[in-house]
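> Each protein sequence line maps, in turn, to chains A and B.
Mapped onto numbering that gives the first Met the number 0, the consecutive letters of the first sequence carry residue numbers 0 to 216.
Mapped onto numbering that gives the first Met the number 0, the consecutive letters of the second sequence carry residue numbers 0 to 216.
Glycine residues also receive a C-beta, built at the ideal position from the N, C-alpha and C atoms.
Protein chains: 2
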Amino acid sequence: MKKFVVIGLGKFGASVSASLFELGCEVLAIDRNKDKVELIMDRVTQAVRLDATDEVAVKQLDLSGFDGAVVAMGENIAGSIFVTLLMKEIGLPMIVAKASNNLQAKVLSKVGADRVVFPEKDMGTRIAKSLVFPGILDYLDLSPEYMIIGVRATKDMDGKSLADMDFRNRYGVNVLLVRKGEEINATPRGSDIINAGDFMIIIGKRKQIETFRKEME
Amino acid sequence: MKKFVVIGLGKFGASVSASLFELGCEVLAIDRNKDKVELIMDRVTQAVRLDATDEVAVKQLDLSGFDGAVVAMGENIAGSIFVTLLMKEIGLPMIVAKASNNLQAKVLSKVGADRVVFPEKDMGTRIAKSLVFPGILDYLDLSPEYMIIGVRATKDMDGKSLADMDFRNRYGVNVLLVRKGEEINATPRGSDIINAGDFMIIIGKRKQIETFRKEME
Ligand SMILES: Nc1ncnc2c1ncn2[C@@H]1O[C@H](COP(=O)(O)OP(=O)(O)OP(=O)(O)O)[C@@H](O)[C@H]1O
Ligand SMILES: Nc1ncnc2c1ncn2[C@@H]1O[C@H](COP(=O)(O)OP(=O)(O)OP(=O)(O)O)[C@@H](O)[C@H]1O
Numbered sequence: 000m001k002k003f004v005v006i007g008l009g010k011f012g013a014s015v016s017a018s019l020f021e022l023g024c025e026v027l028a029i030d031r032n033k034d035k036v037e038l039i040m041d042r043v044t045q046a047v048r049l050d051a052t053d054e055v056a057v058k059q060l061d062l063s064g065f066d067g068a069v070v071a072m073g074e075n076i077a078g079s080i081f082v083t084l085l086m087k088e089i090g091l092p093m094i095v096a097k098a099s100n101n102l103q104a105k106v107l108s109k110v111g112a113d114r115v116v117f118p119e120k121d122m123g124t125r126i127a128k129s130l131v132f133p134g135i136l137d138y139l140d141l142s143p144e145y146m147i148i149g150v151r152a153t154k155d156m157d158g159k160s161l162a163d164m165d166f167r168n169r170y171g172v173n174v175l176l177v178r179k180g181e182e183i184n185a186t187p188r189g190s191d192i193i194n195a196g197d198f199m200i201i202i203g204k205r206k207q208i209e210t211f212r213k214e215m216e
Numbered sequence: 000m001k002k003f004v005v006i007g008l009g010k011f012g013a014s015v016s017a018s019l020f021e022l023g024c025e026v027l028a029i030d031r032n033k034d035k036v037e038l039i040m041d042r043v044t045q046a047v048r049l050d051a052t053d054e055v056a057v058k059q060l061d062l063s064g065f066d067g068a069v070v071a072m073g074e075n076i077a078g079s080i081f082v083t084l085l086m087k088e089i090g091l092p093m094i095v096a097k098a099s100n101n102l103q104a105k106v107l108s109k110v111g112a113d114r115v116v117f118p119e120k121d122m123g124t125r126i127a128k129s130l131v132f133p134g135i136l137d138y139l140d141l142s143p144e145y146m147i148i149g150v151r152a153t154k155d156m157d158g159k160s161l162a163d164m165d166f167r168n169r170y171g172v173n174v175l176l177v178r179k180g181e182e183i184n185a186t187p188r189g190s191d192i193i194n195a196g197d198f199m200i201i202i203g204k205r206k207q208i209e210t211f212r213k214e215m216e
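1. Could you check how far apart the C-beta atoms of A:R212 and A:F132 are, in whole angstroms? I think they sit under 8 Å.
2. Tell me the DSSP secondary structure of A:N194 in three-state form.
3. Output the boundary residues of the alpha helix (DSSP H) element that contains A:G123.
4. Mind checking B:I55: buried by the 16 CB within 10 Å criterion, or exposed?
5. Step through the CB atoms of chain A and report whether any lies within less than 7 Å of the CB of B:S14.
6. Using a threshold of 6 Å, is the CB atom of B:E74 nearer than that to any non-hydrogen atom of ligand 2?
7. Does any heavy atom of ligand 2 sit closer than 6 Å to the C-beta of B:A51?
8. Less than 7 Å separating the beta-carbons of A:I80 and A:V115?
9. Could you tell me if B:N173 is buried or exposed, where buried requires 16 or more neighbouring beta carbons within 10 angstroms of its beta carbon?
10. Rounded to the nearest angstrom, how far is the Cβ of A:I22 from that of A:V4, given a contact under 8 Å?
11. From the DSSP output, in three-state form, read off A:N101 for me.
12. Quick one: give me the first and last residue of the alpha helix (DSSP H) that B:K35 is part of.
13. So A:N184 packs on A:L176, CB below 8 Å; how close in whole Å?
14. Which residues in the same chain have their Cβ closer than 6 Å to the Cβ of A:K97, if we skip the five residues on either side of it in sequence?
15. Quick one: grab the DSSP three-state call for B:F3.
16. Between the stretch 191 to 208 of chain A and the stretch 35 to 42 of chain B, do three or more beta carbon pairs fall short of 8 Å?
17. Of the residues that make up the stretch 173 to 195 of chain A, which ones have a beta carbon closer than 8 Å to any beta carbon in chain B?
18. Under the three-state reduction of DSSP, which class applies to A:V172: helix, strand or coil?
19. Less than 7 Å between the beta carbons of B:D50 and B:R31, yes or no?
20. Could one say the Cβ of A:G171 lies closer than 7 Å to chain B's Cβ atoms, at least one of them?
21. Would the C-beta of A:D30 count as close to ligand 1, meaning under 6 Å from any of its heavy atoms?
22. Inspect the beta-carbon positions of A:A112 and A:I94 and report whether they are closer than 7 Å.
23. Using 6 Å as the cut-off, classify the Cβ of B:L8 as near or not near the heavy atoms of ligand 1, replying yes or no.
24. For ligand 2, any of its heavy atoms closer than 6 Å to the Cβ of A:E119?
25. Take the Cβ of A:E119 as the centre, count every other Cβ of all protein chains shown within 10 Å, and call the residue buried at 16 or more, exposed below.
26. I'd like to confirm something about B:F81: is its beta-carbon nearer than 6 Å to some heavy atom of ligand 1, or not?
27. Considering only residues of the same chain and omitting the five flanking positions on each side of B:K2, which have a CB-CB separation below 7 Å?
28. What is the DSSP secondary structure of B:A46, reduced to helix, strand or coil?
29. For the alpha helix (DSSP H) containing A:V110, list its first residue and its last residue.
30. Return the chain-ordered list of same chain residues with a C-beta closer than 7 Å to the C-beta of A:G7, the five sequence neighbours on each side being excluded.
31. Rounding to the nearest angstrom, what Cα-Cα distance links A:I202 and A:K179 in this structure?
32. So is A:E119 in contact with chain B if we call contact Cβ pairs under 7 Å?
33. Interface residues of chain A around B:S99 at Cβ under 8 Å?
34. Measure from the C-beta of A:A246 to each C-beta in chain B and report whether the shortest distance is under 7 Å.
35. Taking CB distances under 7 Å as the criterion, tell me whether A:V4 reaches chain B.
36. Have a look at the DSSP bridge pairing and note the partners of B:R151.
Right, dumping it as structure tokens:
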């Protein structure tokens with residue numbers, strides 16, 4: 000069972016804490032604000048009110064057996080840098096830190112963060128893409144060149160077979176999977192018939208996916 | 000070319016604005032804080048300093064031709080509810096609103112938000128999963144029952160063929176794709192040899208993916 004410490008219980012820190020706990024981990028949640036500590040205490044192993052920049056108090060917690068730390072102290076930029084450094088000194092093997100801006104992100108990496116995250120910025124990009132490409136339900140960036148997208152079959156596709164639509168030759172993209180309602184077909188064949196509303200997972204180079212998507216509108 | 004208005008230029012709103020603009024859309028970015036407006040003005044079509052709860056001023060902007068609105072006013076909970084309602088009255092066809100908590104989310108939906116987002120909460124869940132399942136590089140939730148994951152082949156797998164490893168019978172999961180460096184194979188066969196570090200896209204029911212993943216550790 001993995002053990003994690005989460006410092007800073009804003010929206011992001013609280014979510015990481017509760018999610019880790021739900022996934023079966025031991026979670027020590029820390030915040031200097033008593034209300035934040037009380038809000039999370041039923042959803043983690045242990046919640047402690049503490050100023051994480053108080054080095055003596057933090058070292059008394061004995062975090063040496065922990066698998067990782069998440070530093071989510073939001074607007075307390077100097078504090079998050081200092082606490083990240085402290086987690087590195089204590090020897091935490093994995094440190095994730097939330098950053099508010101690029102400059103802070105660089106410093107966090109320098110002082111020991113293994114991974115720096117920008118929740119609002121990343122979600123902003125995802126939302127923008129979903130607004131511009133409404134047919135795309137989700138996507139996986141496979142590499143700088145390839146991506147996988149999930150799309151719903153349109154009315155024009157209703158009743159046609161994959162061979163009829165010939166995506167491979169028309170757009171250079173491959174259909175990896177088709178889901179009809181709850182039924183999943185992970186080995187789609189040319190003879191398979193597509194109906195409007197079916198969910199398809201498609202892979203291709205970005206430009207190809209882009210062309211495919213434009214034609215779908 | 001699509002047109003969007005983004006109200007509230009915190010980290011999330013600024014990211015949505017800049018991303019939409021980079022994707023080729025016309026973007027009107029609004030904030031009551033002059034500094035926020037100046038920070039974004041080179042990265043959007045037009046940036047306006049305005050209190051979005053000033054109904055008269057907002058209606059003078061003539062947003063009727065726009066494709067959607069993103070309401071990202073962060074901690075101004077009452078304001079974000081009011082502005083969402085205003086966008087609905089004006090007739091914006093797609094309204095995305097950022098919420099800080101579930102109660103606010105319910106109200107936002109009631110007053111017209113087509114989609115309510117929780118950037119920090121969603122990212123918190125993603126980060127938690129990446130900490131607990133470090134082998135899983137990314138994932139797509141296909142349905143309540145199925146998921147697709149991206150994983151790196153481990154040293155034990157080095158030099159074995161997909162038939163040797165027989166994931167389908169051992170775990171009930173299918174390998175959809177194998178990427179070796181830049182080369183992508185979207186139609187993997189039993190005879191294909193896997194090397195440590197190869198990237199594989201695997202689909203299966205959640206329990207099956209979970210079992211597979213545990214064995215990989
Ligand atoms: N020195 C500290 N010790 C412990 N907790 C701290 C310290 N400094 C800040 N925090 C806590 O970090 C939490 C997150 O900070 P804040 O609310 O500024 O961030 P935020 O950017 O709004 O966060 P989020 O985006 O996660 O909601 C707060 O609950 C705050 O009390
Ligand atoms: N009535 C209003 N009219 C225009 N802008 C507003 C109004 N109320 C708040 N805003 C703007 O919304 C922006 C986002 O708000 P705030 O910084 O409270 O949110 P946040 O939760 O920290 O945002 P984020 O998570 O996106 O960084 C601020 O720049 C603020 O000036």
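Quick answer:
1. Within the first sequence, residue 212 of chain A is the residue found at index 213, counting from 1. Within the first sequence, residue 132 of chain A is the residue found at index 133, counting from 1. Between A:F132 and A:R212 the Cβ distance is about 6 Å, and since that is below 8 Å, they are a contact.
2. Here residue 194 of chain A refers to the residue found at position 195 of the first sequence. Looking at A:N194 - three-state DSSP - the assignment turns out to be coil, as it is neither helix nor strand.
3. Residue numbering aside, residue 123 of chain A sits at position 124 when the first sequence is read from its first letter. Taken as a continuous stretch (DSSP letters only), the alpha helix (DSSP H) holding A:G123 covers P118 to V131.
4. Stepping through the second sequence from its first residue, residue 55 of chain B is reached at position 56. Sequence check: residue 55 of chain B is Val here, not Ile. When all chains shown are included, B:V55 counts as exposed.
5. Position 15 of the second sequence, counted from the first residue, corresponds to residue 14 of chain B. Chain A contact via Cβ: present.
6. Counting from one through the second sequence, the residue named residue 74 of chain B turns up at place 75. It does: the Cβ of B:E74 is within 6 Å (strictly closer) of some heavy atom of ligand 2.
7. In the second sequence, residue 51 of chain B corresponds to position 52, counting from 1. Flag set: Cβ of B:A51 near ligand 2.
8. Start at 1 with the first residue of the first sequence, and residue 80 of chain A comes out as number 81. Start at 1 with the first residue of the first sequence, and residue 115 of chain A comes out as number 116. The answer is no: Cβ separation not under 7 Å.
9. Here residue 173 of chain B is taken as the residue at index 174 of the second sequence, counted from 1. Buried: at least 16 other Cβ atoms inside 10 Å.
10. The count along the first sequence starts at 1 and reaches residue 22 of chain A at position 23. The count along the first sequence starts at 1 and reaches residue 4 of chain A at position 5. Going by the sequence as given, residue 22 of chain A is Leu instead of Ile. Actually they are not in contact, since the Cβ atoms of A:L22 and A:V4 sit about 15 Å apart, beyond 8 Å.
11. To locate residue 101 of chain A, count along the first sequence from 1; it is residue 102. A:N101: helix per DSSP, three-state reduction.
12. Counting from 1 along the second sequence, the entry for residue 35 of chain B is found at position 36. It spans K33 to I39 - the alpha helix (DSSP H) in which B:K35 sits, taken as one unbroken run.
13. Locating residue 184 of chain A in the first sequence gives position 185, where the first residue counts as 1. Locating residue 176 of chain A in the first sequence gives position 177, where the first residue counts as 1. Rounded, the Cβ-Cβ distance is 7 Å, consistent with contact.
14. Position 98 of the first sequence, counted from the start, is the residue given in the question as residue 97 of chain A. These residues qualify, in order along the chain: F11, A71 and V116.
15. Position 4 of the second sequence holds residue 3 of chain B. It is a strand residue.
16. no
17. N173, L175, L176, R178, E181, I183, A185 and T186
18. Walking along the first sequence from the start, residue 172 of chain A turns up at place 173. Here A:V172 sits in coil by DSSP.
19. As a working mapping, residue 50 of chain B is identified with position 51 in the second sequence. As a working mapping, residue 31 of chain B is identified with position 32 in the second sequence. Yes. Within cutoff.
20. As a first step, residue 171 of chain A must be located in the first sequence, where it is residue number 172. Not an interface residue.
21. Here residue 30 of chain A refers to the residue found at position 31 when the first sequence is read from its first residue. A:D30: yes, Cβ under 6 Å from ligand 1.
22. For the purposes of this step, residue 112 of chain A is taken as the residue at position 113 of the first sequence. For the purposes of this step, residue 94 of chain A is taken as the residue at position 95 of the first sequence. Yes, these two residues count as a Cβ contact at 7 Å.
23. In the second sequence, the residue the question calls residue 8 of chain B occupies position 9. No; taking the cut-off as 6 Å, the Cβ of B:L8 has no heavy atom of ligand 1 nearer than that.
24. Taking the first sequence and counting its residues from 1, the one referred to as residue 119 of chain A is at position 120. Yes, Cβ of A:E119 sits closer than 6 Å to a heavy atom of ligand 2.
25. Counted from its first residue, the first sequence places residue 119 of chain A at position 120. Buried, since its Cβ has 16 or more Cβ neighbours within 10 Å.
26. Taking the first residue of the second sequence as 1, we reach residue 81 of chain B at position 82. No.
27. One-based indexing of the second sequence puts residue 2 of chain B at position 3. Only C24, E25, G64, F65 and D66 meet the Cβ criterion.
28. The residue labelled residue 46 of chain B in the question sits at position 47 within the second sequence. Three-state DSSP puts B:A46 in a strand.
29. Here the question's residue 110 of chain A lines up with position 111 in the first sequence. No alpha helix (DSSP H) holds A:V110; DSSP gives it neither H nor E.
30. As a working mapping, residue 7 of chain A is identified with position 8 in the first sequence. Contacts found: D30, V70, A71, M72 and G73.
31. The residue you call residue 202 of chain A lines up with position 203 of the first sequence. The residue you call residue 179 of chain A lines up with position 180 of the first sequence. Their backbone Cα atoms lie some 18 Å apart in a straight line.
32. Within the first sequence, numbered from 1, the residue matching residue 119 of chain A stands at position 120. Yes - at least one Cβ of chain B is within 7 Å of the one on A:E119.
33. Counting from one through the second sequence, the residue named residue 99 of chain B turns up at place 100. Within 8 Å Cβ-Cβ: K10.
34. Residue 246 of chain A is absent from the structure shown; chain A starts at 0 and stops at 216.
35. Taking the first residue of the first sequence as position 1, residue 4 of chain A is located at position 5. A:V4 does not count as touching chain B.
36. In the second sequence, residue 151 of chain B corresponds to position 152, counting from 1. BP columns for B:R151 point to B:F198.
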